Amino acid sequence: MKYLIALFFGLLVGAAIFVIGVIYNPFNSDNGLSPLSVTDSEVIALNFSAVPSEAIVFTNDGDSHVKPFPEKVQQLWEAPIRSSSITATVMRDARGRTAGLGIKFSSESERTRLMKGEAMIDSAWYIYLPGSGSLFIEQFENHWAFLRDVIIPAYRSSADSWKGAWLGDLTAGPGALRTAAVTGGAGSLRGLKMEAVESLSAQAYSVEGGPVAAEGRLLIELPRDTEASESASSGE
Amino acid sequence: MLKTFIVGIVLGVAAAAAALYAYPAVDQHREASIVSVAANGGNIESFHINMPMDRIMVGASGEKQALPTGLKWPADQELKNVRAELFKIRNARDTVIGVASRMSARDGSGEIIDWVLHLPARGSIFVNLRPEALQGGFRRGELQAGSREFAPLGGLMSERWVPNTSGDADAPAGRIELVTTYIRRQETP
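As you go down the protein sequences, you meet chains A and B in turn. Throughout the first sequence, residue numbering follows this note's numbering, covering 1 to 236 in sequence. Throughout the second sequence, residue numbering follows this note's numbering, covering 1001 to 1189 in sequence.
Shown next as structure tokens:
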């Protein structure tokens, strides 16, 4: 009997060691520097609040710890959309002025490989910029670093919250340099093929309600003049 | 007993690794696609939105029936001529399979009507419609871009409002019908 108990506790300790090893695996490095942060091309920088209650609308399955907003918004409870969320939010330029409207569709991704430090989200942005046109951004995001550095510490905290300063890129593809693919849809951006990176800056997180103070940022690299004319003509 | 404990640790690590490897962390629910072959090439897939039950959001400045209740549409002048809507979308079996946004806006560059269809297990489609309606109440436009399953596809999409004439008390007021025609894009050498 005592051997069985020893084996049982050994199994528990082994599983715990494995989980800790996966979470704090030093080989699962951060995303590193975004290639767009050192680009010399013209960029569009769009900022938005990453706090659901500061969005125009945020909805998910309703069972998540991040609650839909406004309270009476329809929830995504049907099986094919249960692991998805939608955010509609105001996009602001670098000076904090309203630049347009953004709608983000996010779904948990089957690319997720926790052993490799990949907690993936498939997402698509639709952005309308008055006077400039519309953009479609498709990307997959890796939330592993945010999970490890913010969400897990919040769960471990006795106050069920995290406070600090976290900044990181979420975009992990499909571009070879971990960039998102951007397509111009209308207006002066029509037909343009571009790249973008979404990053997140978080200051406070609560287990009960999700992000409390957090700001998202989309950096969209505009093509140079020759690239612009080529991509616009191929997009026609 | 110590040896048994150590063996247990090794087995625990192995079992946890095997469990994480064998069971996917995310397994999206899939509905079988209902796609037919077009007579002149390409594939046709139709979606619809039952109104008003599938509408998640209606936002526009001055909108008297903004949805959901409690929605505060931004008062910014820049968003004055913008109307944004969010929906659940259904396949031909009337099963919800995704979500979509429709944006209509008017600015200096003209009128814009854009759709994004997001099907979690498959990918997203971005369509820019021509604002003028065709005979029969259709609007038509091209697939501008897509992700995952839709990335290599081009084609067309049409939207049409189909009012409900059944007279049933529980029936929707009508539906927005979206018909997509997919054609594989020519790869540029």
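C-beta atoms are modelled at their ideal positions from N, C-alpha and C, and glycine is treated no differently. The structure presented is a predicted model; accordingly, all values stated were derived computationally and were not measured.
Straight-line gap, residue i to residue j (C-alpha atoms, nearest Å)
i: Trp-1161(B); j: Gly-1136(B); result: 10 Å
i: Tyr-155(A); j: Val-207(A); result: 6 Å
i: Gln-1177(B); j: Val-1037(B); result: For the sequence presented, residue 1177(B) should be read as Glu rather than Gln. Their backbone Cα atoms lie some 18 Å apart in a straight line.
i: Ala-1173(B); j: Trp-77(A); result: 22 Å
i: Phe-38(A); j: Leu-219(A); result: Reading off the sequence, residue 38(A) comes out as Val, not Phe. About 11 Å.
i: Ile-81(A); j: Ile-20(A); result: 31 Å
i: Leu-1067(B); j: Asp-1168(B); result: 24 Å
i: Ala-1100(B); j: Ser-41(A); result: 32 Å
i: Ile-1183(B); j: Met-1157(B); result: 11 Å
i: Gly-10(A); j: Phe-140(A); result: 38 Å
i: Ala-16(A); j: Met-1001(B); result: 20 Å
i: Gly-62(A); j: Val-51(A); result: 16 Å
i: Val-43(A); j: Pro-223(A); result: 9 Å
i: Gly-1012(B); j: Ala-1075(B); result: 58 Å
i: Ser-1124(B); j: Pro-26(A); result: 34 Å
i: Met-1053(B); j: Pro-1120(B); result: 20 Å
i: Glu-236(A); j: Leu-147(A); result: Reliability fails at Glu-236(A), whose pLDDT of 49 lies under 50, so the model's placement of it is uncertain and no value is given.
i: Ile-1044(B); j: Leu-1129(B); result: 17 Å
i: Trp-166(A); j: Ala-204(A); result: 9 Å
i: Gly-1155(B); j: Asp-149(A); result: 43 Å
i: Ala-45(A); j: Arg-95(A); result: 10 Å
i: Arg-1175(B); j: Leu-1117(B); result: 16 Å
i: Gly-209(A); j: Thr-59(A); result: 13 Å
i: Asp-1170(B); j: Leu-12(A); result: 54 Å
i: His-143(A); j: Ile-152(A); result: 12 Å
i: Ala-176(A); j: Phe-1005(B); result: 46 Å
i: Met-238(A); j: Ala-79(A); result: Missing from the structure shown is residue 238(A); chain A here goes from 1 to 236 and no further.
i: Arg-217(A); j: Asn-47(A); result: 4 Å
i: Val-90(A); j: Met-1103(B); result: 14 Å
i: Arg-1139(B); j: Thr-1165(B); result: 22 Å
i: Lys-1064(B); j: Trp-162(A); result: 40 Å
i: Val-1010(B); j: Met-1(A); result: 20 Å
i: Ala-1032(B); j: Arg-1122(B); result: 11 Å
i: Ile-5(A); j: Lys-1003(B); result: 12 Å
i: Ser-157(A); j: Trp-1073(B); result: 36 Å
8 Å contact criterion, which residue i and residue j should meet: CB distance rounded
i: Leu-952(B); j: Val-57(A); result: The question about residue 952(B) has no answer here: the residues shown for chain B are numbered 1001 through 1189.
i: Asn-1091(B); j: Ile-1034(B); result: 6 Å
i: Phe-1126(B); j: Gly-100(A); result: 16 Å between Cβ atoms; not a contact.
i: Gly-133(A); j: Arg-97(A); result: Incorrect: roughly 18 Å between the Cβ atoms, too far for contact.
i: Gly-187(A); j: Ser-1109(B); result: 4 Å
i: Met-1057(B); j: Ala-1084(B); result: 7 Å
i: Leu-1153(B); j: Arg-1185(B); result: 7 Å
i: Ala-202(A); j: Glu-138(A); result: With a Cβ gap of about 24 Å, Ala-202(A) and Glu-138(A) do not count as contacting.
Sub-9 Å separation of residue i and residue j beta-carbons
i: Phe-136(A); j: Thr-87(A); result: no
i: Pro-1131(B); j: Glu-1159(B); result: no
i: Glu-215(A); j: Thr-179(A); result: no
i: Gly-164(A); j: Asn-28(A); result: no
i: Glu-1078(B); j: Pro-130(A); result: yes
i: Ile-53(A); j: Ser-85(A); result: Checking the displayed sequence, the identity of residue 53(A) turns out to be Ser instead of Ile. No.
i: Gly-1008(B); j: Phe-18(A); result: no
i: Tyr-24(A); j: Asp-1114(B); result: no
i: Ala-1018(B); j: Gly-14(A); result: no
i: Arg-1055(B); j: Gln-75(A); result: no
i: Phe-1150(B); j: Ile-1089(B); result: no
i: Thr-1181(B); j: Gly-1042(B); result: yes
i: Val-1179(B); j: Tyr-128(A); result: no
Review point. Are there three or more Cβ pairs, one per stretch, closer than 8 Å when the region 161-172 of chain A is compared with the region 192-211 of chain A?
Key: yes
**Study point:** Sufficient close CB pairs (3 or more, under 8 Å) joining the region 1132-1151 of chain B to the region 97-108 of chain A
**Key:** Under the Cβ criterion (8 Å, minimum of three pairs), the region 1132-1151 of chain B does not count as touching the region 97-108 of chain A.
Point to revise | contact_flag[the region 64-72 of chain A, the region 1093-1100 of chain B] where n(CB pairs < 8 Å) is 3 or more | key: no
Exercise for review: Any chance you could list the alpha helix (DSSP H) runs of at least 4 consecutive residues sitting entirely within the region 9-45 of chain A, in chain order?
Suggested key: none
Check your understanding: Are the region 114-122 of chain A and the region 1063-1078 of chain B touching, with three or more C-beta to C-beta distances below 8 Å?
Key -> no
Practice item. Mind the definition here: the region 1016-1034 of chain B touches the region 108-115 of chain A only if three or more C-beta pairs lie below 8 Å; say whether that holds. Key: yes
Review point. Considering only residues of the region 1101-1171 of chain B, which uninterrupted beta strand (DSSP E) runs meet the minimum length of 3 residues and lie entirely inside it, listed in chain order?
Key: 1110-1119, 1123-1129, 1139-1146 and 1153-1163
Practice item. Identify every run of the beta strand (DSSP E) within the region 122-203 of chain A, keeping only runs that are complete inside it and at least 3 residues long; order them along the chain. Key: 133-142, 161-169, 171-173 and 180-187
Check your understanding: In chain order, which continuous runs of the beta strand (DSSP E) of length 3 or greater are located wholly inside the region 1028-1056 of chain B?
Key -> Annotation note: the region 1028-1056 of chain B contains the following uninterrupted beta strand (DSSP E) runs of length 3 or greater, listed N- to C-terminal: 1035-1037 and 1043-1051.
**Study point:** 4 or more residues per run - each alpha helix (DSSP H) lying fully within the region 44-90 of chain A
**Key:** none
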